[in-house]
Structures are given as C-alpha cells and as structure tokens.
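The sequence shown begins at 3 in this note's numbering and counts up by one. Glycine is no exception: its CB is placed at the ideal position from the N, C-alpha and C atoms. Just so we're clear, the structure is a prediction, and the values are computed from it rather than from any experiment. Below is one structure; the comments refer to it alone.
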Amino acid sequence: MQDTNNFHPSDFGLLPFLEALIEERHVSRAALRLNRSQPAVSHALARLRDIFNDPLLVRGEGGLQPTARALQLAEPLGEALALMRSMVAQPSFNTEQCHRHFRLSLSDYGAAILLPTLVSRLRKSAPLVDLSIVSYGRERALAALIDGEIDLAVGVYPILKQARHADLRSALLFEETFACLLNESSGCGALSFDDYLARPHVRVSVALQDDSEVDDALARLGYKRRIAVQLPHWSAAPDLVRGSDLVLTAAKRSIEHLGRGGLQCSALPFQLSSFPFVQTWHRRREKDAPHRWLREEIAAIAGAEGRR
C-alpha cells in the first residue's frame, strides 16, 4: 500500500465515500446513498485503503465490518464533513424546482386518507415531483427501506422497535383505534364478544403471515377468530360484509363513514389499545432536504386527519 503522504487535495472528495461506507457497511447501500455507481464506490474504497494504509472495511459476520482504524476515523470525519456541509448548505429549499421521484409504501387505508390531499398539494407547490406507490406488508416495507428500494413507508409498524431496525427513523402521525363493520340486518347496537367470536371474519392484509393487532390481542386472551376471507384489497372488503354474516375489523377512520346503507359500524367488543400510525424512513435520508419536506407535508396532512 502507498504511504499516507501520498494524499492529494483531490482526495478530499473521497471523504463522503468513507463516511457512507463506515455507516452503511455495504458497498451497494453506500452507492445508493451517494447516488453513485457501485464500481465508483468500490474504486473509492480501494483508493481510501491506499491513503490510510488500512483495509478500513473487512468481510465479517453480517457483511462488511469497519476496522479499528475506520472506527477511530468515524467521529472526526463526521464532524469535518458536517462543518463543510453547513458552509455550503442552501438557505432554502425551492419546491417548484425540485426534480425528485419518491417511492412510498402505503396501505389502502393510508393511501385513502393521505394521497388525495398530498397529490393535490404536490401538483400546486412541487409539480416536478413524481410519486410511485407500492403496498408492502410490514416486514417487506421495512426491509425495502433498509435496502433503499423505497424512500418512505407509512402505516403501522410495531416491529420498528426491534434491534435490526435501529437504522430506521419514525415519526408519529396520529393514534388510531379499531371498530367493526357488519351487515345492519344481522344485529342492532353493540356487537357482543361472544357474537364477535362466533362470526366469520374478513381480514385485509397484504402478506399472508401478517397477523394484526386484533389477532394478537385475542391470542393473549386465549381466543382465536375464524378468518373466512383474507384479501389484500381494502376497497373490496366492505362489500363482502354487505348482506352476509361476515365481520370486518379495521381502523375506525376507514369504516365509520360506511355505517349506513345496510351496514353498521360497531365498537370493538373487547379492550384493545389505540395504535400509532407512523411514517418511517432510513437514517440515510434524515438530512435530505426534499425528503424532509415530503415528510413534513405528510405530517401536516395526517395532523389534520388526526384532529377529526
């Protein structure tokens, strides 16, 4: 390896590569974060190894691991780059000139309450911003954030607390509760617990193995409901209930307006805590100004929804 005295002023441009590689511990994810090609990042790593006369990252359990020298460099490197970025930071973010394509994971429920207003706002204030929406299950959505496949996930993610998701950040949009939707002619007033368990149920879930908070709560009580129909499409679920003995348990905001025309909305017949509806993203996007602006737009829309 070459001596560290071989450092050239042009090599200062490699320092963000080193920061990304130490934090991401993965060449492909570092490339995504830097918006550079994987070969370019690999080439930068090779040059950095020459400069510092150290491997910096070595193969280990779970992928690349930083060497002792890399860990020693991490803090002063972060401070130096933060200072440089503060010196060149733009004083404001111009939404009208922003060319970005954001990829979001939203459930049918999240799309229904957020997208109409969000798209309307974007068309007026950020007409060059494009959106692609996917609907992933909880595990899949968080994995896609980590891999850089999507930019933002909005929904209910209790597994965010797990250690393997330590690189994800989240913000509460509002607290939600559950309610039941059933055919009006099948009963009046509140649904009893015994009747709830005796009836067949509709469950909306993208992933076959995604048990909901409802199923988890029933399991803690020692009960299990029968799922007669499971489907990924929320829009079709209410019509399955109409004229049948089926019960749909869902977020209250998504069904309370349907309690008419042959359907009724009933309170859940057992105790279940409210649940947080959040937006979550990878820390690599934390200081990305357009990404932060999009999060703020979503938070404002959800805040108005949460006050209903």
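In the DSSP assignment, find the unbroken alpha helix (DSSP H) run with residue i in it and report its ends.
{"i": "Ser256", "result": "Lys254 to Ile257"}
{"i": "Leu193", "result": "From DSSP, Leu193 is part of no alpha helix (DSSP H); its letter is neither H nor E."}
Please check the pair residue i and residue j, which I expect to be a contact at CB under 8 Å, by giving their CB distance rounded to whole angstroms.
{"i": "Leu58", "j": "Arg71", "result": "7 Å"}
{"i": "Arg197", "j": "Arg287", "result": "The sequence shown places Asp at residue 197, rather than the Arg named in the question. Contact flag wrong, Cβ pair sits at about 47 Å."}
{"i": "Ala146", "j": "Ser107", "result": "7 Å"}
Using 10 angstroms around the beta-carbon of residue i, count the other beta-carbons present and answer buried if the total reaches 16, otherwise exposed.
{"i": "His235", "result": "exposed"}
{"i": "Glu299", "result": "buried"}
{"i": "Val90", "result": "exposed"}
{"i": "Gly305", "result": "exposed"}
{"i": "Leu220", "result": "buried"}
{"i": "Ile161", "result": "exposed"}
{"i": "Thr179", "result": "exposed"}
{"i": "Ala252", "result": "buried"}
{"i": "Val60", "result": "exposed"}
{"i": "Glu26", "result": "buried"}
In the DSSP assignment, the beta strand (DSSP E) including residue i goes from what residue to what residue?
{"i": "Ile135", "result": "Val131 to Val136"}
{"i": "Ser44", "result": "No beta strand (DSSP E) holds Ser44; the alpha helix (DSSP H) holding it covers Gln40 to Phe54."}
{"i": "Leu16", "result": "Taken as a continuous stretch (DSSP letters only), Leu16 belongs to no beta strand (DSSP E), as it is neither H nor E."}
{"i": "Ala181", "result": "Phe180 to Asn185"}
Give the DSSP-derived three-state secondary structure of residue i in the structure shown.
{"i": "Asn8", "result": "helix"}
{"i": "Gln232", "result": "strand"}
{"i": "Phe272", "result": "coil"}
{"i": "Gly158", "result": "In the sequence as presented, Gly is not what sits at residue 158; that position holds Val. Val158 falls in the coil class under three-state DSSP."}
{"i": "Pro57", "result": "coil"}
{"i": "Ala304", "result": "helix"}
{"i": "Gly64", "result": "coil"}
{"i": "Arg227", "result": "coil"}
{"i": "Ala168", "result": "coil"}
{"i": "Thr282", "result": "strand"}
{"i": "Ser107", "result": "strand"}
{"i": "Val208", "result": "coil"}
Within a Cβ cutoff of 6 Å, which residues of the same chain sit near residue i, ignoring the five residues on either side of it in sequence?
{"i": "Ala143", "result": "Ser107 and Ala155"}
What residues in its chain sit with their C-beta under 7 Å from that of residue i, if we drop five residues either side in the sequence?
{"i": "Gly112", "result": "Val156 and Gly157"}
{"i": "Ile303", "result": "Leu116, Thr119 and Leu120"}
{"i": "Arg294", "result": "none"}
{"i": "Ile229", "result": "His203 and Arg205"}
Under 7 Å between C-beta atoms, does residue i make it to chain B?
{"i": "Gln266", "result": "In the structure shown, chain B does not exist; there is a single protein chain."}
Residues in the same chain with beta-carbon distance under 8 Å from residue i, minus the five sequence neighbours each way, listed in chain order, please.
{"i": "Gln4", "result": "Low confidence applies to Gln4: its pLDDT is 42, below 50, so where it sits in the model is not reliable enough to give any reading."}
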